[in-house]
Amino acid sequence: MDGPLPSAPRNDRAKVDWFRQELGPFVVAAEATQMPMIFTDAQLANDPVVFANDAFLDLIGFGRSDLLGVPLHRVLGEITDSSTVVSIQQEMRAGGSGTWDMQCRRADATEFLAAVFLSPVHDGQGTIRQHMFSFIELGGHVERLLDHRNEMHALYEQAPGFIATTSGPDHRFSFANSSYKRFVAKDELEGLTVAEALPEIVDQGLIELLDEVYRTGEPFVGKAQPIRIFDPATGNTEVRYCDFVYQAVRDAKHRITGLFCEGYDVTAQQKAADQLSLLQAELIHVSRVNAMGTMATTLAHELNQPLAAITNYTAGVKRLVDPEMPHAVRMMHALHGIEEAARRASDIIRNLRELTQRREPARATFDLQLAVAECVRLVQATVPPTVQITEDIADDMTMAADRVQIEQVIINLLRNACDAVQGSPRQLVSVVAKETDGKLLVRVIDSGPGVQAHAAEGIFTWGESSKDSGMGLGLSICRTIVEAHGGRIWLESSDASGSEFCFSIPQAVPATP
């Protein structure tokens, strides 16, 4: 206060005397207690103070004459903030009781924290005659709470997992340990809402999870949950994985006041598990390749003899053909085709054996346009005439690779593309090649219905074929051939308008160690 409150009028002093006489022994007890207390007269306007014990006077540092007869709102206005005074007055008008934690000022301007309790005093008819206020200084209590909180925070800081707490429905950070800050790559969190501190997670559904836990009180447990985190130090966003739990925090009245988050960064474990899955898939692939090697060896042994017989019989028939015979030219052309097909079958079997034995491909530079043209000719002869196959290969384009194996890849992709377009309104297949970044890129594009999403995931892995007569080996073999050449093969795009399969081979021939 700037000065002592004005002295109470005499009629108010009379009210004080009446109050003492009316309550008798209770006043004696109130004066003797160590709990600061004041009473107001609820029957007079503005609830003037009619009693203040010594404990209250010692607490705030005012004299009794400065308080008696003074309206309550003026007394409270001198020791606390106006919003708390308004809240207390509203509760008094409603005839209720209540508790407030409020920052208070003494006469010497020092501050302290106190809990204030309002209790109405009724007469025999239930009429409120006085309002009793009791004060409890929270300084020591708060210090103990702060010490306890600091001890808990120190424990949380040393915890191996990450821990954070938020308050209110907007999820404002009240604490986050070092592990949590490292996980989210942010240092300044306290005082900010989750959405403000981590804007990158807003569209990942985590805010909705927080809202749901706060609303229902039901905990949420996440296992290996992927979260995209933006690191301001690097300017990059990376996916991190965590096991965590969101748990509601409740007050003494069991009301939810905030959330507690605890968890562990399992990014390294998840990456290790992913790598293990890749290794297992590769092991399965190797096992299948070994099985293919056994099968290829058997086929080569069994088929080479009939292929040799076909070649010999064809050569013998060619010698028997009389050039003067009708259709002799067409017959010789057919016999040449038989010889070429037998030779190609023999080359494929030989290359398949070499492929499954993990040998380096026999690289040689060849004309890619001629190789593609040969592939188109062979495939076009086996598909309906409604399927159109076009090629766009530069005249001078060459490739350094095993020609037979690359032709095997192109034929496989062309056959798949032709199968895909059959039944479509537009039955178009095209082969396009270009050089880029020291690699030769080949694309096979079709106008079919596209590859289904679930099938596209493992499309280059040996599995069940989608074709009635297929073995599920085609694209797996293509992948093995391309990777043996140091290249890669992939599905570039696939939708209702068609699919595009691509593979690239380095143009430079690797040096032989």
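Position in the sequence shown (from 1) plus 134 gives the number in this note's numbering.
For every residue, glycine included, the Cβ atom is placed at its ideal position computed from N, Cα and C.
Only a predicted model underlies this, so the values are computations on that prediction, with no experimental measurement involved.
With DSSP run on the structure shown, which of helix, strand or coil describes residue i?
i: residue 372; result: strand
i: residue 593; result: coil
i: residue 232; result: strand
i: residue 250; result: strand
i: residue 533; result: strand
i: residue 512; result: helix
i: residue 136; result: Any reading at residue 136 must be qualified, since the residue scores a pLDDT of 43, below 50, and its modelled position is unreliable; the value itself is stated next. Coil at residue 136, not helix or strand.
i: residue 604; result: Annotation note: pLDDT 41 at residue 604 (below 50); position unreliable, no value reported.
i: residue 507; result: helix
i: residue 239; result: strand
i: residue 575; result: strand
i: residue 353; result: coil
i: residue 265; result: strand
i: residue 216; result: helix
i: residue 389; result: coil
i: residue 557; result: coil
i: residue 521; result: coil
i: residue 477; result: helix
i: residue 359; result: strand
i: residue 568; result: strand
i: residue 401; result: helix
i: residue 460; result: coil
i: residue 110; result: Nothing about residue 110 can be read from this structure; the chain reaches only from 135 to 647.
i: residue 441; result: helix
i: residue 221; result: helix
i: residue 638; result: strand
Compute the distance between the beta-carbons of residue i and residue j, then report whether it is under 8 Å.
i: residue 175; j: residue 182; result: yes
i: residue 565; j: residue 525; result: yes
i: residue 172; j: residue 267; result: yes
i: residue 269; j: residue 205; result: no
i: residue 93; j: residue 635; result: Because the chain is modelled from 135 through 647, residue 93 falls outside the range shown and cannot be assessed.
i: residue 573; j: residue 641; result: yes
i: residue 523; j: residue 563; result: yes
i: residue 548; j: residue 578; result: yes
i: residue 214; j: residue 187; result: no
i: residue 310; j: residue 330; result: no
i: residue 575; j: residue 531; result: no
i: residue 224; j: residue 207; result: no
i: residue 512; j: residue 476; result: no
i: residue 211; j: residue 220; result: no
i: residue 355; j: residue 379; result: yes
i: residue 558; j: residue 583; result: yes
i: residue 409; j: residue 375; result: no
i: residue 248; j: residue 272; result: yes
i: residue 659; j: residue 543; result: Coverage of the chain is limited to positions 135 through 647, which leaves residue 659 absent and any answer about it impossible.
i: residue 451; j: residue 469; result: yes
i: residue 371; j: residue 361; result: no
i: residue 611; j: residue 546; result: yes
i: residue 537; j: residue 500; result: yes
i: residue 229; j: residue 262; result: yes
For residue i, is the classification buried or exposed, using 16 other Cβ atoms within 10 angstroms of its Cβ as the cut-off for buried?
i: residue 463; result: exposed
i: residue 657; result: Limits of the chain in this structure are 135 at one end and 647 at the other, which puts residue 657 out of reach.
i: residue 633; result: buried
i: residue 389; result: exposed
i: residue 504; result: exposed
i: residue 454; result: exposed
i: residue 638; result: buried
i: residue 397; result: buried
i: residue 243; result: exposed
i: residue 373; result: exposed
i: residue 358; result: exposed
i: residue 302; result: exposed
i: residue 313; result: buried
i: residue 541; result: buried
i: residue 202; result: buried
i: residue 627; result: exposed
i: residue 617; result: exposed
i: residue 300; result: buried
Can you give the beta carbon distance from residue i to residue j, rounded, assuming they're within the 8 Å contact cut?
i: residue 236; j: residue 250; result: 6 Å
i: residue 619; j: residue 535; result: 5 Å
i: residue 365; j: residue 296; result: With 8 Å as the limit, residue 365 and residue 296 do not qualify as a contact, their Cβ atoms being about 16 Å apart.
i: residue 552; j: residue 506; result: Between residue 506 and residue 552 the Cβ distance is about 15 Å, and since that is not below 8 Å, they are no contact.
i: residue 112; j: residue 197; result: Only positions 135 to 647 of the chain appear in the structure, and residue 112 is not among them; the question remains open.
Could you say if the region 330-342 and the region 398-416 meet the contact criterion of at least three C-beta pairs nearer than 8 Å? no
Between the region 465-485 and the region 440-450, do at least 3 Cβ pairs fall closer than 8 Å? yes
Does the region 306-326 come close enough to the region 341-357 to have 3 or more Cβ pairs within less than 8 Å? no
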